[in-house]
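Beneath this line is the structure, given in structure tokens, with notes to follow.
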Amino acid sequence: MNKKLRIWLDGPYLIWTAAFIIIPLIMIVYYGLTDKTGAFTWSNILEMGTPERMKALILSLILSLMATVICLLMAYPLALILSRMKTGAVGFITTIFIIPMWMNSLLRILAWQTLLERNGVINQILGMLNLPKLYIINTPYAIALGMIYDFLPFMLLPIYNALQKIDVNVINAAYDLGANRFQTFWKVIFPLSMPGVISGITMVFVPALTTFVISDFLGGSKVLLIGNVIEQQFTQVGNWNVGSGLSLVLMVFILISMLVMQHYDKDIGERTTSL
Amino acid sequence: MRKAISRIYLAFIFILLYAPIAVLIILSFNNSRTRAKWGGWTLKWYLSMFQDQVIMSALWNTLLIAVLSALISTILGLMASVSLLAMKHKKRSIVLSLLNIPMLNAEIVTGISLMLIFIAFGQFLSHWGYMIEFGFGTVLIGHITFNIPYTVLLIMPKLRQINISTYEAALDLGASRWLAFRKVIIPDIMPGVLSGFLLAFTMSLDDFVITHFTKGPGFDTLSTKIYTEVRKGIKPEMYALSTLLFASVLLLILLFGRGRKKKPAPELV
């Protein structure tokens, strides 16, 4: 390809990336490290230290880790079951797991209010069965449930893709060499599915850590997550410096999770683009 | 036994995923105005939603932004994918990691950073008396930004599968570069381009966070409208409209999925 053509081809994309991805991120760093007059300060970062915000940050970390672990525990067996199905059924079954995403995501989370309320659908069913009722709406448990529900497909699809790519011959070889089911899974299948597990973990952890919608809808404005704190800084308080400072702290956690992912999977860029 | 357990497990997950959707669909037929009470079956919300100016304009904004952002990001993504293919390994890995930023970063951070850049740009322009209005334009730019990586993600693999010899054969047989590209390359990558467009369209249709931070007062998409309505109670028309959208997308998928199985006949010049 000649040079002139190439500049015309990647020019627009690179300019777009610079203008709307790189420079905006630099803006957050700038706002986060300066005060209203533009002078350098650490105070916006230190704003995270107030008891109320620390509480929100710690709760966010606990809930998002919890949601990630439960998603993994739920999605892995599911991906195993799906990966063993006949190829015809697989297309149909995976579509079934993607279809819910076509209903507006805010409404889907909102529907959990109707399901979980004191006299909601679930409690009425439990009542009919003479089982103890579930009172978790407006508590952190409801938020965790919302996270698991909303992000489960993000965990399922990468693991499923990784399992699909495993060569059946490798598994058969393990059996031929005398490994039992458990050994084959633990020594062959699971390690080979690791890239999917790792990318599933980041795909769930980051959105769960930073959500403000799920906590808004299912926490009944009683429970604040770090996403809510930052969102309020921008839309209600209007202090962009503090908001950016808090975002910078949040980005540290996002960066850590990205680095962990890169550590386990060096070629992540190549891999995610060749799904 | 194992089979029975996996069946039960699949059913459990299925119920978990579809219970909220069932709730929403049933609510769209609820004759009572609040979701707390069941007032019998009705179809009235499916009629009255068309009279609701606010909902209709939010729907129009949502669809227009979804189509435009999917179209523009597919074009930009296609251009980027073609040039990525020709890049040297080192440069390519840099561009690929740039590409990953909006996908791996938190939506709230992307949204805030876009809001800050629009404000800064607005202040810059105001020296010359121009104004930036937060609304359609800013939301559209935001959506294109988060959509580009997804289009590249789906177009790249198709581009890699291309056999460059067929393109060269076309050139040898006297086709111009552009003609060869149009007649040889484009048909090969069309499935990737189409699914990239569809994914971008879906992502845009369902987005809330980026829109929330890049929109201005007086401009709403369906998602932002739902968010502001939550506290005073969602209008039942919203359930009806979402059910209708859900059903039409489902129908489109079924039709598209069936159409894709047929192999398209090779088109001759």
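Protein chains in written order, with this note's numbering: chain C, 1 to 275; chain R, 1 to 269.
Glycine included, C-beta positions come from ideal geometry on N, C-alpha and C.
If you're wondering where the values come from, they're calculated on a predicted model, not measured in any experiment.
Problem - Option nearest residue 109 of chain C by Cα separation, candidates C:191, C:145, C:76, C:98 - result: Within the first sequence, residue 109 of chain C is the residue found at index 109, counting from 1. That would be C:145, whose Cα lies nearest to the Cα of residue 109 of chain C.
Handout entry: Beta-carbon proximity of residue 80 of chain R to residue 10 of chain C, cut-off 8 Å
Key = Stepping through the second sequence from its first residue, residue 80 of chain R is reached at position 80. Stepping through the first sequence from its first residue, residue 10 of chain C is reached at position 10. Closer than 8 Å, so yes.
Problem - Supposed contact pair residue 252 of chain R and residue 192 of chain R - C-beta distance, whole angstroms, cut 8 Å - result: On the second sequence, residue 192 of chain R is found 192 positions in, with the first residue counted as 1. On the second sequence, residue 252 of chain R is found 252 positions in, with the first residue counted as 1. The Cβ separation is near 19 Å, so there is no contact.
Problem - Buried or exposed (CB count within 10 angstroms, at least 16 for buried), residue 256 of chain R - result: One-based indexing of the second sequence puts residue 256 of chain R at position 256. By the 10 Å Cβ count, residue 256 of chain R comes out exposed.
Exercise for the section: Consult DSSP for residue 221 of chain R and reduce its assignment to one of helix, strand or coil. Expected result: For the purposes of this step, residue 221 of chain R is taken as residue 221 along the second sequence, with counting starting at 1. Three-state result, residue 221 of chain R: coil.
Handout entry: Sequence-distant residues of its chain with Cβ nearer than 6 Å to residue 272 of chain C (five each side left out)
Key = Indexing the first sequence from 1 puts residue 272 of chain C at position 272. Per-residue confidence for residue 272 of chain C stands at a pLDDT of 42, beneath the threshold of 50, marking its modelled position as unreliable; no derived number is given.
Problem - Interface residues of chain C facing residue 182 of chain R [CB-CB closer than 7 Å] - result: Position 182 of the second sequence holds residue 182 of chain R. Neighbours of residue 182 of chain R on chain C: none; closest Cβ ~15 Å, over 7 Å.
Exercise for the section: Consider the Cβ of residue 256 of chain R: report whether some Cβ of chain C lies at a distance smaller than 8 Å. Expected result: Here residue 256 of chain R corresponds to residue number 256 of the second sequence, with the count starting at 1. So no, residue 256 of chain R is outside the interface.
Practice task
Go to residue 204 of chain R, then tell me how far its alpha helix (DSSP H) extends in each direction, as first and last residue.
Solution key: By one-based count along the second sequence, residue 204 of chain R stands at place 204. Note, residue 204 of chain R: alpha helix (DSSP H), 186 to 206.
Problem - Beta-carbon separation (whole angstroms), residue 108 of chain R vs residue 68 of chain C, contact threshold 8 Å - result: Against the second sequence, residue 108 of chain R aligns to sequence position 108. Against the first sequence, residue 68 of chain C aligns to sequence position 68. Not a contact, Cβ separation roughly 18 Å.
Handout entry: Cβ of residue 83 of chain R within 8 Å of any chain C Cβ
Key = On the second sequence, position 83 is the one that residue 83 of chain R refers to. Yes - at least one Cβ of chain C is within 8 Å of the one on residue 83 of chain R.
Exercise for the section: In angstroms with no decimal places, state the Cα-to-Cα distance between residue 269 of chain R and residue 171 of chain R. Expected result: Start at 1 with the first residue of the second sequence, and residue 269 of chain R comes out as number 269. Start at 1 with the first residue of the second sequence, and residue 171 of chain R comes out as number 171. Any reading at residue 269 of chain R is ruled out, since the residue's pLDDT is 32, under 50, leaving its predicted position unreliable.
Problem - 8 Å Cβ cutoff, residue 241 of chain C in contact with chain R - result: On the first sequence, position 241 is the one that residue 241 of chain C refers to. Not closer than 8 Å to any Cβ of chain R, the Cβ of residue 241 of chain C fails to qualify, so no.
Problem - Beta-carbon neighbours of residue 246 of chain R, restricted to chain C and to distances below 7 Å - result: By one-based count along the second sequence, residue 246 of chain R stands at place 246. Neighbours of residue 246 of chain R on chain C, chain order: 102, 103.
Exercise for the section: For residue 165 of chain R, go through chain C and note every residue whose CB falls closer than 9 Å to its CB, in chain order. Expected result: Counting from one through the second sequence, the residue named residue 165 of chain R turns up at place 165. Near residue 165 of chain R there are no residues of chain C at all, since even the closest Cβ is about 16 Å away, more than 9 Å.
Handout entry: Pair within 8 Å by beta-carbon distance, residue 125 of chain R and residue 117 of chain R
Key = For the purposes of this step, residue 125 of chain R is taken as residue 125 along the second sequence, with counting starting at 1. For the purposes of this step, residue 117 of chain R is taken as residue 117 along the second sequence, with counting starting at 1. Contact flag unset, no.
Problem - Three or more C-beta pairs below 8 Å linking the region 235 to 243 of chain C and the region 252 to 260 of chain C - result: no
Exercise for the section: Express the C-alpha separation of residue 202 of chain R and residue 102 of chain C in angstroms, rounding to a whole number. Expected result: Numbered from 1 along the first sequence, position 102 holds the residue referred to as residue 102 of chain C. Numbered from 1 along the second sequence, position 202 holds the residue referred to as residue 202 of chain R. Each residue's alpha carbon lies about 7 Å from the other.
Practice task
Could you work out which residue in R:207, R:17, R:8 is closest to residue 95 of chain C when comparing CA atoms only?
Solution key: Counted from its first residue, the first sequence places residue 95 of chain C at position 95. Closest by alpha carbon: R:17.
Handout entry: Contact list for residue 260 of chain C against chain R, beta-carbon separation under 7 Å
Key = Start at 1 with the first residue of the first sequence, and residue 260 of chain C comes out as number 260. Going along chain R, no residue has its Cβ under 7 Å from residue 260 of chain C, so there is no contact; the nearest lies around 12 Å.
Exercise for the section: Could you tell me if the beta carbon of residue 263 of chain C falls within a distance shorter than 7 Å of some heavy atom in the ligand COA? Expected result: As presented, the structure is devoid of all ligands, the ligand COA included, so that no description of it is given.
Problem - Beta-carbon contacts of residue 218 of chain C that lie in its chain and below 8 Å, excluding the five residues immediately before and after - result: The residue you call residue 218 of chain C lines up with position 218 of the first sequence. Correct list, in chain order: 109, 112, 113, 116, 137, 138, 142, 143, 145, 146.
Problem - Extent of the continuous alpha helix (DSSP H) to which residue 5 of chain C belongs - result: On the first sequence, position 5 is the one that residue 5 of chain C refers to. Unbroken alpha helix (DSSP H) run through residue 5 of chain C: 3 to 17.
Exercise for the section: Count the other CB atoms, across all protein chains shown, that sit within 10 Å of the CB of residue 176 of chain C; report buried if there are 16 or more and exposed otherwise. Expected result: In the first sequence, the residue the question calls residue 176 of chain C occupies position 176. The residue is exposed, with fewer than 16 neighbouring Cβ atoms inside 10 Å.
Handout entry: Distance, residue 37 of chain C Cα to residue 60 of chain C Cα
Key = Here residue 60 of chain C is taken as the residue at index 60 of the first sequence, counted from 1. Here residue 37 of chain C is taken as the residue at index 37 of the first sequence, counted from 1. Distance between the alpha carbons of residue 60 of chain C and residue 37 of chain C: 32 Å.
Problem - Segment limits, alpha helix (DSSP H) that includes residue 47 of chain C - result: For the purposes of this step, residue 47 of chain C is taken as residue 47 along the first sequence, with counting starting at 1. Run containing residue 47 of chain C: none; DSSP gives neither H nor E here.
Handout entry: Backbone secondary structure at residue 30 of chain R - three-state DSSP
Key = As a first step, residue 30 of chain R is located in the second sequence; it is residue number 30 there, counting from the start. In this structure, residue 30 of chain R counts as strand in the three-state DSSP scheme.
Problem - residue 272 of chain R versus R:224, R:115, R:234, residue with shortest Cα-Cα distance - result: With chain R represented from 1 up to 269, any question about residue 272 of chain R goes unanswered, as that position is not in the structure.
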